[in-house]
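Numbering (the numbering used here), first residue to last: 270 to 549. Everything on this sheet refers to the single structure shown next.
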């Protein structure tokens with residue numbers, strides 16, 4: 270029994286510490302297609318596209334969950350820059366809120382990226398699925414309604430900082446820009462209108478993704494920078510027209526469509542996770 274326990278512990282440690290292998294033979298066409306899909310969704314729903322790019326990198330590019338998450342953070346940077354700039358043109362960004370959330374998000378992203386390096390791949394798969402379903406449920410139950418943002422106060426400042434930490438941890442752990450968390454919570458908790466919440470969240474995604482990427486590069490996690498840049502540039506180009514459509518999209522339609530997309534992704538990921546477990 271002691272031997273079996275030691276063997277299990279050794280296998281667990283090996284899976285956690287073993288770096289993900291970077292695949293240098295991923296076709297450009299596949300990366301461009303994944304980036305285009307991520308860019309369109311980024312502009313429409315202000316999610317950085319990563320919530321879709323991560324599973325697509327696993328399904329179509331042959332990456333494991335850890336490598337896909339680390340690579341996705343690279344792609345988010347140019348996408349978020351272009352998308353947030355488009356929202357800034359329309360004056361649909363709360364600069365002060367973005368600055369406060371970013372302070373907490375940078376520290377949270379470093380924590381999340383360290384968890385990404387330490388948690389086993391199977392845990393990462395199921396945590397990601399649970400995270401997607403939680404966000405989908407929130408979007409269905411609490412559809413963001415246009416309103417007047419809460420006046421800045423010490424309590425609101427603390428709330429923004431806590432939101433930033435939570436967003437940063439999820440960003441570093443799951444390879445997302447964090448907007449998928451920031452958008453619904455800015456609407457339901459801080460009474461920020463849907464469009465301004467999207468623009469603000471995308472702006473926060475820039476420092477969050479940078480912090481997570483730098484942490485991954487300095488740590489033991491593998492990052493496919495080539496794939497990330499191809500994804501990011503493609504997504505940045507395709508996100509611009511989608512942002513213009515998002516400005517005119519009713520909040521209820523946006524929330525319901527996004528939630529349905531997340532549920533479909535979670536279902537596909539669950540099937541893949543079960544198959545992978547049986548294979549293992």
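Each residue gets a CB set at the ideal place from its N, CA and C atoms; glycine is no exception. In this text, all values refer to a predicted model and were calculated from it rather than measured experimentally.
Worksheet item: What's the C-alpha gap between residue 600 and residue 456?
Response: Because residue 600 is not part of the residues shown, which for the chain are 270 to 549, the question remains open.
Worksheet item: So, helix, strand or coil for residue 445, using DSSP?
Response: Position 176 of the chain shown, counted from the first residue, corresponds to residue 445. Look at residue 445 here: in three-state DSSP terms it is coil, with no helix or strand label.
Worksheet entry | Every unbroken alpha helix (DSSP H) inside the stretch 378 to 436 [4 residues or more] | With a minimum length of 4 residues, the continuous alpha helix (DSSP H) runs that stay inside the stretch 378 to 436 are 390 to 410.
Fill in: Residue of 474, 297 and 545 minimising C-alpha distance to residue 377
Translated into positions along the chain shown, residue 377 becomes position 108. Distance from the Cα of residue 377 is smallest, within the candidate group 474, 297 and 545, for 474.
Worksheet item: Would you call the CB atoms of residue 341 and residue 483 closer than 9 Å?
Response: Counted from its first residue, the chain shown places residue 341 at position 72. Counted from its first residue, the chain shown places residue 483 at position 214. Result no, Cβ atoms of residue 341 and residue 483 do not sit closer than 9 Å.
Worksheet entry | Collapsed DSSP secondary structure at residue 376 in the structure displayed | Residue mapping note: residue 376 aligns to position 107 of the chain shown, counting from 1. Three-state DSSP puts residue 376 in a helix.
Worksheet item: To the nearest whole angstrom, what separates the beta carbons of residue 542 and residue 394, a pair I think is in contact under 8 Å?
Response: As a working mapping, residue 542 is identified with position 273 in the chain shown. As a working mapping, residue 394 is identified with position 125 in the chain shown. Between residue 394 and residue 542 the Cβ distance is about 5 Å, and since that is below 8 Å, they are a contact.
Worksheet item: What is the residue span of the alpha helix (DSSP H) that residue 339 lies within?
Response: Locating residue 339 in the chain shown gives position 70, counting from the first residue. For residue 339, the enclosing alpha helix (DSSP H) begins and ends at 334 to 358.
Worksheet item: Does DSSP classify residue 330 as helix, strand or coil?
Response: Within the chain shown, the letter at position 61 stands for residue 330. Of the three classes helix, strand and coil, the one that applies to residue 330 here is coil, per DSSP.
Worksheet entry | Contact under 9 Å by Cβ, residue 552 with residue 311 | Residue 552 falls outside the range modelled here, since the chain spans only 270 to 549, and no answer is possible.
Fill in: Touching by the beta-carbon criterion (3+ pairs, under 8 Å), the stretch 503 to 514 and the stretch 352 to 364
Because the criterion of three Cβ pairs below 8 Å is met, the stretch 503 to 514 and the stretch 352 to 364 touch.
Item to complete: Can you tell me which of 406, 380 and 433 puts its alpha carbon nearest to the alpha carbon of residue 485?
Response: Position 216 of the chain shown, counting from 1, holds the residue named residue 485. Nearest C-alpha to residue 485: 380.
Worksheet item: alpha helix (DSSP H) containing residue 470: first to last residue?
Response: In the chain shown, the residue the question calls residue 470 occupies position 201. Counting along the chain, the alpha helix (DSSP H) containing residue 470 begins and ends at 463 to 487.
Worksheet item: Beta carbon of residue 460, beta carbon of residue 402: below 9 Å?
Response: Counting from 1 along the chain shown, the entry for residue 460 is found at position 191. Counting from 1 along the chain shown, the entry for residue 402 is found at position 133. No, the pair does not count as a contact, with Cβ atoms beyond the cut-off.
Discussion item. Which residue marks the beginning of the alpha helix (DSSP H) containing residue 314, and which one marks its end?
Written reply: In the chain shown, the residue the question calls residue 314 occupies position 45. First-last of the alpha helix (DSSP H) with residue 314: 297 to 314.
Practice prompt. Note down the Cα distance separating residue 479 from residue 346, rounded to an integer number of angstroms.
Written response: As a position in the chain shown, residue 479 is number 210, starting the count at 1. As a position in the chain shown, residue 346 is number 77, starting the count at 1. Going from the Cα of residue 479 to the Cα of residue 346 covers about 7 Å.
Discussion item. Contact defined as beta carbons within less than 8 Å: I believe residue 390 pairs with residue 335. What is the distance between those atoms, to the nearest angstrom?
Written reply: The residue you call residue 390 lines up with position 121 of the chain shown. The residue you call residue 335 lines up with position 66 of the chain shown. Confirmed, about 6 Å.
Fill in: Beta-carbon proximity list for residue 476, same chain, < 6 Å, skipping 5 on both sides
Locating residue 476 in the chain shown gives position 207, counting from the first residue. Counting only Cβ-Cβ distances below 6 Å, and skipping sequence neighbours, we find 371 and 375.
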